[in-house]
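These notes are about the structure you will find just below.
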Amino acid sequence: MNILLLGAPGAGKGTQAELLQKKHGWTWLSTGDMLRRLAGQMTPEKAHIERLCAIMAEGRLIPDYLMVMLLEEELQRPCYEKGFILDGFPRTDTQVWQLEKMLSEKDKKLDAVILLTVDEKAVLARIEGRRSCPKCRAGYHLTTQPPKKKGVCDKCGTALMQREDDTAKTLTRRLEVFRIQTAPILPHYKRGDLLTEISGTRSVQQVFAEIEKALRAIKKKRKT
Ligand code: AMP
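For the sequence shown, position 31 (counting from the first letter as 1) is numbered 166 according to our numbering, and the numbering increases by one without interruption.
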């Protein structure tokens, strides 16, 4: 299946994408991770990437033309053929129709759009405690999902990192960007009867069970 996960920062998209990838073998494509990887490869010749880092650190959006170009290139990789979980794209109207164009050119479509809702007040605690492994992408939380050894990834032993934009100040901007630029894309997916809204405020496993239930219902509906 090709799944799109939507939700404000801190809604748990990455955590759920990781679980879906593990269970179903669909490839998790996070545009935020993709950009952070790109930023890590910065060389003096790629000084323009510095501008991208500044935009991300401020919690604003990277220009559409660039995101579309990067995503188009990424989606060429064969790993997405067996299904994908898109996390972080689309975030604007332009990205919505560009994604549709990209997929239809490959004779593909989205099978489900899952919106994870979350209380904005709860998001700050989630974001400030969030840590991740830069090598294998495993996600942790200092209080709700701590690693066995402080600061170290359980899976590969790499030192965990905190994202530069996971701060109270940047979060306010990111939530505002979600409300103003991304939330307006939701009616499009509602109209297409693709959108399932799931509360992301419960435990990771409860949210995962809800997503799985929704996906089973979609599969069943497709068969009838
Ligand atoms: P995320 O990891 O999804 O929270 O993304 C981190 C940051 O990467 C965002 O705050 C944006 O600056 C940038 N970014 C990720 N995906 C997109 C996108 N689809 N359009 C524009 N900017 C993006």
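We put the beta carbon where it would ideally sit given N, CA and C, even for glycine.
Model, not experiment: these values are computed from the prediction.
- Under the DSSP definition of a beta bridge, Ala-247 partners with Ile-138.
- By the CB criterion at 8 Å, Cys-271 and Leu-295 fall outside the cutoff.
- Between Ala-247 and Thr-331, the C-beta spacing is below 8 Å.
- Closest in C-alpha terms to Phe-313, from the list Asp-228, Glu-299, Leu-154, Ala-349, comes Asp-228.
- Counting only the Cα atoms, Ala-146 lies some 19 Å from Leu-329.
- When beta bridges are read from the DSSP output, Ala-294 appears opposite Val-287.
- Inclusion of Met-191 in the 7 Å shell around the ligand AMP follows from its C-beta lying nearer than that to a non-hydrogen atom of the ligand.
- The residue from Ala-257, Asp-254, Pro-281 with its alpha-carbon nearest to that of Arg-266 is Pro-281.
- For Glu-209 against Met-237, the beta-carbon gap comes to about 10 Å, at or over 8 Å, which does not count as contact.
- In this structure, the straight-line span from the alpha carbon of Arg-261 to that of His-276 is close to 7 Å.
- For Ile-320, there is no enclosing alpha helix (DSSP H), since its DSSP letter is neither H nor E.
- In the three-state reduction of the DSSP assignment, Leu-155 falls in the helix class, which pools H, G and I.
- Counting only residues of its own chain and dropping the five nearest sequence neighbours on each side, Ala-257 has a CB closer than 7 Å to the CB of Thr-336.
- In the structure shown, Thr-252 falls within a strand segment according to DSSP collapsed to helix, strand and coil.
- Taking the Cβ of Phe-224 as the reference point, at least one heavy atom of the ligand AMP falls within a distance shorter than 7 Å.
- With respect to Trp-163, Ile-220 sits close: the two C-beta atoms are nearer than 8 Å.
- Here DSSP, grouped into helix, strand and coil, assigns Arg-171 to helix.
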